[in-house]
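If you read the sequences in order, they're chains A and B. Position one of the first sequence corresponds to residue 1464 (our numbering), numbered consecutively onward. Position one of the second sequence corresponds to residue 1464 (our numbering), numbered consecutively onward.
Protein chains: 2
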Amino acid sequence: MGTITKALNLLNFFSPSHPEIGLTEFRTLSGQDKATVHRHLIELASNGFLEQNPVTKGYRLGPAILRLAAVRERLFPARSLVAPLVERLATDLGELVHVSLREGDHLSPLCHHDALIHGTRVYFDEAELLPLHATASGLAMLAFGPDHLMSDLLADPLEASTQYTITDPDELKRTVERVQVEGVAFIDQGFELHVSSFGVPVFGDLKEAVGTMAVAVPTARMTDELKRKIPVALIEAATEVTEELGGTVPPHLRRIWLNAA
Amino acid sequence: MGTITKALNLLNFFSPSHPEIGLTEFRTLSGQDKATVHRHLIELASNGFLEQNPVTKGYRLGPAILRLAAVRERLFPARSLVAPLVERLATDLGELVHVSLREGDHLSPLCHHDALIHGTRVYFDEAELLPLHATASGLAMLAFGPDHLMSDLLADPLEASTQYTITDPDELKRTVERVQVEGVAFIDQGFELHVSSFGVPVFGDLKEAVGTMAVAVPTARMTDELKRKIPVALIEAATEVTEELGGTVPPHLRRIWLNAA
DNA sequence: CACAAAGGGTTCAAATAATGAACCAGAGGT
DNA sequence: ACCTCTGGTTCATTATTTGAACCCTTTGTG
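Spelled out as structure tokens, the structure:
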């Protein structure tokens, strides 16, 4: 692992529930030497990717990230285009909807919305990267994203997030093949206990899926009616998202989706 | 300069007018060896900070930046809080207003708004870092930000953006001292020709200024009336911005501002 | 009040990882 | 068929990163 990766990984430890991190905590989180972490933090901070709270000495994400995000949004305004569609679908279904983009061999949440009309709801952390083999989004990406994802993923043993996570390579392959045929992925409690979800791919200017759209529902609330409604609604919404991103749904998937609707 | 800084600097070459950059172009922009640049690009991409267009082979900013920006906004929602205030002031004055945050020894635009009611207008690039000695924002930051900024800045010769840029250290010191007394910075064509601007500091949870708010006006349109109106309006708006950021204006500056209004 | 504990930060020899000149490969262009 | 411009790779050399040990300050405690 190169120096750059080590440093950038430090940024991944931040999350809404973990906004400020101190040197010692970084050391335990990253497992690297204190001096190493410190120099990385200093360098990230001097580039504006972090800033230090002079009172607590803790580090938090810096303004450079906002600046770059503004540039990225300007030339590829995914978030602002997609957010309204996510919100509408979440309101229609009354459940949590999220769109994520592929980031290497994970999925990175782009935006999400929860209707908040129920007492129980799915917790969704926008800072957390989603694994490909444990989430419905991930299966959709494996099924319709770049081919190398599956082989890269199987290079290491599959990590179990819950007791229901698919960890057998052959089972994963079979599941992904079924997703390719059905056009929609479904996973029951593969990533979080008591959460079931549907996922479909969304496409950018390439042939392969660039991201996914998914609905996550507390398993207790997943009725047969929802199981019928969600895939149909997802397919429709994902088609719109794909259009907003300036992409096209591949013809063979479009046929599958038409039959499903 | 460490490896991390070299890699992160590559990200700074992106701008709305320059959304995708190839290997060779990166080489000339950064002045580093092709192999070095390439390895850095690969590593940035594998962390999601860049993504490669498989058709053109060019690189563009990646989804990781959006994810981190979402986290940062969640716990320090500067942009979403400040944007409405910027928009209101821009509409009131009919001129371009921007808020920037300090990023090392530069200012990083956070958000801006232009009333767009005039034929001529100031061009403002959100991707461009603002120098401290050439902009009104920068003077405000030098005057009310951390003390070390001035000495760090004077370590190297001052670069001239235009023929009017202050490049003499003593003149800069005198100018900044005047800003500290008056509470508002003014610069005439110091950064861009035919653009004059006023700047004031905004404060976060620290004693020192964390950013600035500024109004930029085409010099030809800078009437005496505007020169009276802008500082008063800026002071009022910057006070609000400071409150939104959870900060407080230092007492001595508050007194100066009260007299000015 | 002394003292321990814990967090942030620094040092410098040792070792690892970054570097860059040279090289390869493919896509246009002439 | 040849040139050239692009992206990408190799490997010995070199310089940068590394980490155990150390220092400083704050905080809590007998």
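We treat Cβ as the ideally placed atom computed from N, Cα and C, and that holds for glycine. Remember, predicted model here, so these are calculated numbers, not experimental data.
*Give, in chain order, every unbroken run of the alpha helix (DSSP H) that is at least 4 residues long and sits entirely within the segment 1555-1634 of chain B.*
1599-1607 and 1611-1617
*Under 8 Å by Cβ, that's how I've got A1513 of chain B and L1504 of chain B pegged, so tell me the actual separation to the nearest angstrom.*
Looking at the sequence provided, one finds Leu at residue 1513 of chain B rather than Ala. Indeed, because the Cβ distance is near 6 Å, the residues count as touching under 8 Å.
*Identify the residues that DSSP records as bridge partners of G1485 of chain A: which are they?*
Looking at the DSSP assignment, G1485 of chain A forms no beta bridge with any residue, so it has no partner.
*Does DSSP put D1651 of chain B in a helix, a strand or coil?*
strand
*State whether the segment 1678-1698 of chain B contacts the segment 1545-1556 of chain B, with contact taken as three or more CB pairs (one from each stretch) at a distance under 8 Å.*
yes
*Are the Cβ atoms of V1518 of chain A and V1678 of chain A separated by less than 9 Å?*
no
*asked:* Would the segment 1541-1548 of chain B count as touching the segment 1587-1602 of chain B if we require 3 or more Cβ pairs under 8 Å?
replied: no
_Restricting to Cα atoms, I'd like to know which of B:V1680, B:T1499, B:P1479 and B:V1712 is closest to H1581 of chain B._
B:V1680
_Counting only beta-carbon separations shorter than 9 Å, does H1503 of chain B have a partner in chain A?_
yes
*Using a threshold of 9 Å, state whether the C-beta atoms of I1467 of chain B and A1470 of chain A are closer than that.*
yes
*Proximity to T1745 of chain B [Cα-Cα], best of B:N1475, B:A1606 and B:P1594*: Because residue 1745 of chain B is not part of the residues shown, which for chain B are 1464 to 1724, the question remains open.
*Among all the DSSP beta bridges, which residues are the ones paired with M1676 of chain B?*
B:V1562 and B:V1663
*When Cβ atoms are compared, which residues of the segment 1468-1484 of chain A fall closer than 7 Å to chain B?*
T1468, A1470, L1471, L1474, F1477, S1478, P1479 and P1482
_Reference R1537 of chain A, options B:S1480, B:A1546, B:Q1515 and B:E1640, closest by Cα_ = B:S1480
*asked:* Just to confirm before moving on: does the CB-CB distance between T1598 of chain A and G1653 of chain A stay below 9 Å?
replied: yes
*Contact residues within the segment 1596-1618 of chain B, judged by C-beta distance below 8 Å to chain A*: none
_Could you give the first and the last residue of the continuous alpha helix (DSSP H) run that contains R1523 of chain A?_
Looking at the DSSP string, R1523 of chain A is not in any alpha helix (DSSP H); the run it does join, the beta strand (DSSP E), is Y1522 to L1524.
*Excluding sequence positions up to five away, which residues of its chain have a Cβ less than 6 Å from the Cβ of D1615 of chain B?*
D1568
*Option in A:A1527, A:A1508, A:I1698 and A:V1663 with minimal Cα separation from L1605 of chain A*: A:V1663
*Which residues in the same chain as H1657 of chain B place their Cβ atom closer than 8 Å to its Cβ, once the five residues preceding and following it in sequence are excluded?*
P1681, T1682 and A1683
*Any C-beta of chain B sitting closer than 9 Å to the C-beta of S1571 of chain A?*
yes
*Burial state of L1697 of chain B (16 or more Cβ within 10 Å)*: buried
_Beta-carbon proximity list for P1526 of chain A, same chain, < 6 Å, skipping 5 on both sides_ = G1511
*Which listed residue (B:G1485, B:D1496, B:Q1495 and B:A1546) has its alpha carbon closest to that of N1516 of chain B*: B:G1485
*Does R1717 of chain B have its Cβ less than 9 Å from a Cβ in chain A?*
no
*DSSP beta-bridge partners of S1478 of chain A*: A:H1481
_Quick check: the Cα distance between H1727 of chain A and T1686 of chain A, rounded to an integer number of angstroms?_
Since the first residue of chain A shown is 1464 and the last is 1724, residue 1727 of chain A is not available in this structure.
*asked:* Let me check understanding here. Comparing Cα to Cα, which of A:M1464, A:P1713 and A:G1465 lies closest to K1670 of chain A?
replied: A:P1713
*Contact set between F1666 of chain B and chain A, taken where Cβ atoms lie within less than 7 Å*: By Cβ distance, chain A contributes nothing, its closest Cβ being about 13 Å from F1666 of chain B, past 7 Å.
*Do A1532 of chain B and A1546 of chain A have their CB atoms nearer than 9 Å?*
no
_I'd like to confirm the pairing. Which residues does DSSP put opposite L1513 of chain B in its beta bridges?_
B:L1524
*Determine whether the Cβ of V1414 of chain A lies closer than 9 Å to any Cβ atom of chain B.*
Residue 1414 of chain A is absent from the model: chain A starts at 1464 and stops at 1724.
*Determine the burial state of V1647 of chain A: buried for a count of at least 16 other Cβ atoms within 10 Å of its Cβ, exposed for fewer.*
buried
_Strictly by DSSP, which residues pair up with P1681 of chain A?_
A:V1658
*Does the beta carbon of L1486 of chain B come closer than 9 Å to any beta carbon on chain A?*
no
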